[in-house]
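Student:
There are 2 protein chains.
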Amino acid sequence: MAPRVLVNGQADTRVSALDRGLSYGDGLFETIRFMEGRAPLWSRHMARLLLGCERLALTKPDPEILLQEALQVCGGMPDAVVRITLTRGVGERGYAFAPNASLTRIVAGFAAPKLSAETWRDGVRLHVCQTRWSEQPLLAGIKHLNRLEQVLARHEWTDAGLADGVMMDAQDRVVSTVMANLFVMLDGALVTPSIERCGVAGVARAEVLSVRPDAREAELPFMALARASEVFLSSSVRGIVPVQAVGNTVYVPGPVTRALQAHWRGLGYSTEHA
Amino acid sequence: MAPRVLVNGQADTRVSALDRGLSYGDGLFETIRFMEGRAPLWSRHMARLLLGCERLALTKPDPEILLQEALQVCGGMPDAVVRITLTRGVGERGYAFAPNASLTRIVAGFAAPKLSAETWRDGVRLHVCQTRWSEQPLLAGIKHLNRLEQVLARHEWTDAGLADGVMMDAQDRVVSTVMANLFVMLDGALVTPSIERCGVAGVARAEVLSVRPDAREAELPFMALARASEVFLSSSVRGIVPVQAVGNTVYVPGPVTRALQAHWRGLGYSTEHA
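If you're matching them up, the sequences are chains A and B in order.
In short: position in the first sequence from 1, add 1, done, that's this note's numbering.
In short: position in the second sequence from 1, add 1, done, that's this note's numbering.
Next up, the structure:
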């Protein structure tokens with residue numbers, strides 16, 4: 002089914018070929034899961050989007066308008082994913098931009114992807130990516146439109162049995178997967194990689210950190226994964242997903258993973274999977 | 002004057018709001034100066050574009066079609082700049098892409114910017130940017146659509162007397178300016194920063210390296226700029242532009258700069274500036 006799309010509030014599927022979002026990746030996006038017209042992590046998505054606007058000196062959008070448009074494009078779908086894209090709009094050729102640039106706002110609704118019951122129960126297998134995150138503190142954390150590293154990393158494998166891939170920085174420190182954040186139980190402590198230099202500060206990651214205030218954001222050398230007792234992913238679309246293997250190292254979903262999956266269900270996200 | 006635009010060969014000004022060029026910056030571009038329907042550096046632009054296609058696993062375009070479309074959008078303009086943008090087209094939501102993805106091809110013609118005679122003669126002043134290039138060997142050199150670092154760097158100054166800004170990597174090594182490559186005469190040798198880890202391999206840079214085979218690609222610590230006897234920029238749009246100041250350090254255009262400006266004129270680029 003073709004997604005429903007609004008461009009600047011109007012039913013439309015097209016934007017200017019000279020939009021800076023396309024010319025330079027000059028913008029931001031959010032991918033938000035809606036259950037029966039409700040987005041449990043909405044305020045976290047808006048907080049990240051507004052932080053991104055500050056970092057990129059973009060005019061801040063009105064969250065109330067975004068919410069109305071999001072509801073419009075997912076209306077009728079019981080389990081939907083809404084992508085909101087904000088760009089700096091159409092400008093002159095060149096990197097310079099006017100401070101009062103008029104944004105382009107794209108809101109598109111898709112059916113949420115189905116996770117199998119086995120995935121939720123047993124977990125996923127991960128590829129180990131050769132493509133590394135580059136370090137750029139000015140862009141780390143926010144969900145901007147410059148996503149070629151993840152596109153290249155995702156292109157490394159075609160095996161449908163590999164659901165995602167671990168991405169490191171150039172110093173062999175784990176940062177995230179291509180599509181999600183990653184948590185490990187290490188020496189009895191819950192740890193997730195710092196995203197100060199690279200990576201995306203996921204809203205599901207923020208939710209986990211808020212309900213587990215004992216969790217630490219820290220550097221996570223790839224070698225340390227071998228002695229983790231639990232590994233799981235956090236994703237605003239897919240939720241809390243156990244990891245059963247990273248390359249040849251295998252894991253069994255443990256109590257921390259299960260407790261956070263229960264929290265995820267408690268937020269109102271369906272786990273009635275296909 | 003609004004630019005003339007072709008999208009996939011058709012007179013059009015719009016593309017899908019779900020194009021991967023906009024969603025992820027998943028694509029490439031070239032900015033090519035045409036003098037009376039002739040682009041002296043055309044083959045260098047095509048070489049870089051095709052290298053970029055290999056790096057990003059994009060289907061290679063037919064250069065003959067690109068040339069015909071470029072001529073079409075700059076027809077009638079004696080001094081034009083044509084931007085060719087190639088994206089991976091419209092795909093499913095998510096970073097994965099099909100190997101046979103149908104590209105989006107945007108060809109847009111603009112009037113070339115005017116440089117003043119004073120700029121050509123006396124040179125430009127450069128800001129020193131705080132924004133650094135991140136290191137990503139997989140993307141270094143090619144002209145992809147992930148350009149937020151340059152957007153942020155260009156946003157650092159508003160003084161119209163500063164024509165461009167020096168950009169370093171995180172280790173205080175000069176890489177380029179925001180909009181051009183940079184050359185220096187250092188201890189009697191012509192040197193330009195290596196672009197193996199970050200930056201764009203400019204086609205004007207390649208032209209300079211081909212006519213000055215003695216030139217070296219090397220690491221260039223920012224501190225070394227202070228003892229350079231000449232500094233100039235190379236840009237396919239602006240040509241060979243002397244630098245008269247980097248921050249508070251001043252330079253006078255020297256014989257190497259002048260000889261390369263003469264070469265540039267010899268290629269057929271107008272230097273009859275406004």
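Beta carbons: idealized from backbone N, C-alpha and C, even for Gly.
Bear in mind the structure is a predicted one, so any value in this text is a computation, not a measurement.
#1: Are any of the Cβ atoms in chain A nearer than 9 Å to that of residue 101 of chain B?
#2: Which class does residue 192 of chain B belong to by DSSP, given the choice of helix, strand or coil?
#3: When you compare only the Cα positions, how much space is there between residue 220 of chain B and residue 175 of chain B?
#4: Of all the CB atoms in chain A, is at least one closer than 9 Å to the CB of residue 26 of chain B?
#5: Taking the DSSP output, what are the residues bridged to residue 27 of chain A?
#6: As an exercise, report each continuous alpha helix (DSSP H) stretch of at least 4 residues that is fully enclosed by the stretch 154-190 of chain B, in chain order.
#7: For residue 258 of chain B, does the three-state DSSP call read helix, strand or coil?
#8: Taking only beta-carbon positions, decide if residue 55 of chain B is within less than 9 Å of chain A.
#9: Should residue 118 of chain A go down as buried or exposed, given a rule of 16 or more other Cβ atoms within 10 Å for buried?
#10: Could you pull out every residue in the same chain whose Cβ sits closer than 8 Å to the Cβ of residue 229 of chain A, ignoring the five residues on either side in sequence?
#11: Can you tell me whether residue 182 of chain B is buried or exposed? The criterion is at least 16 other CB atoms within 10 Å of its CB, across all chains shown.
#12: When the cut-off is 9 Å and only beta carbons count, does residue 155 of chain A lie next to chain B?
#13: Helix or strand or just coil, what does DSSP make of residue 12 of chain B?
#14: Can you pull the chain B residues whose beta carbon is under 7 Å from the beta carbon of residue 84 of chain A, in chain order?
#15: Can you find the residues in the same chain that come closer than 6 Å, C-beta to C-beta, to residue 275 of chain A, ignoring five residues on each side of it along the sequence?
#16: Does residue 241 of chain B have its Cβ less than 9 Å from a Cβ in chain A?
#17: Just how far apart, CA to CA, sit residue 225 of chain A and residue 169 of chain A?
#18: Checking contacts by CB at 9 Å: is residue 17 of chain B closer than that to chain A?
#19: How many Å lie between residue 268 of chain A and residue 41 of chain A at the Cα?
#20: Indicate whether residue 23 of chain B and residue 16 of chain A have their beta-carbon atoms separated by less than 9 Å.
#21: Tell me the DSSP bridge mates of residue 106 of chain B?
#22: Assuming residue 128 of chain A contacts residue 163 of chain A (C-beta within less than 8 Å), just tell me the rounded distance between them.
#23: Would you list, in chain order, the members of the stretch 5-16 of chain A that have their beta-carbon closer than 8 Å to a beta-carbon of chain B?
Tutor: Working from what's here:
#1: Residue 101 of chain B is outside the set of residues whose beta carbon lies under 9 Å from a beta carbon in chain A.
#2: Three-state DSSP puts residue 192 of chain B in a strand.
#3: Spanning the alpha carbons of residue 220 of chain B and residue 175 of chain B requires a straight line of approximately 8 Å.
#4: Residue 26 of chain B counts as touching chain A.
#5: Partner residues in a beta bridge of residue 27 of chain A, as assigned by DSSP, do not exist.
#6: Counting only runs of at least 4 residues, the stretch 154-190 of chain B fully encloses no alpha helix (DSSP H) element at all.
#7: If DSSP states are grouped into helix, strand and coil, residue 258 of chain B belongs with the helices.
#8: So, not an interface residue.
#9: Counting other Cβ atoms within 10 Å of its Cβ, residue 118 of chain A stays below 16 and is therefore classed as exposed.
#10: Around residue 229 of chain A: 185, 186, 187 and 252.
#11: With 16 or more other Cβ atoms within 10 Å, it is buried.
#12: True, the Cβ-Cβ gap to chain B drops below 9 Å.
#13: Strand, per DSSP.
#14: Chain B residues near residue 84 of chain A: 94.
#15: Low per-residue confidence applies at residue 275 of chain A: pLDDT is 41, beneath 50, and the placement is therefore not dependable enough to give any value.
#16: No, its Cβ sits nowhere closer than 9 Å to a Cβ of chain A.
#17: Each residue's alpha carbon lies about 13 Å from the other.
#18: With its beta carbon less than 9 Å from one in chain A, residue 17 of chain B belongs to the interface.
#19: Their Cα atoms are separated by approximately 6 Å.
#20: Judged by beta-carbon spacing, residue 16 of chain A lies within the 9 Å limit of residue 23 of chain B, meaning their Cβ atoms are closer than that value.
#21: BP columns for residue 106 of chain B point to B:87.
#22: Confirmed, about 5 Å.
#23: For the stretch 5-16 of chain A, the set of positions with a beta-carbon nearer than 8 Å to some beta-carbon of chain B reads 6, 8, 13, 14, 15 and 16 in chain order.
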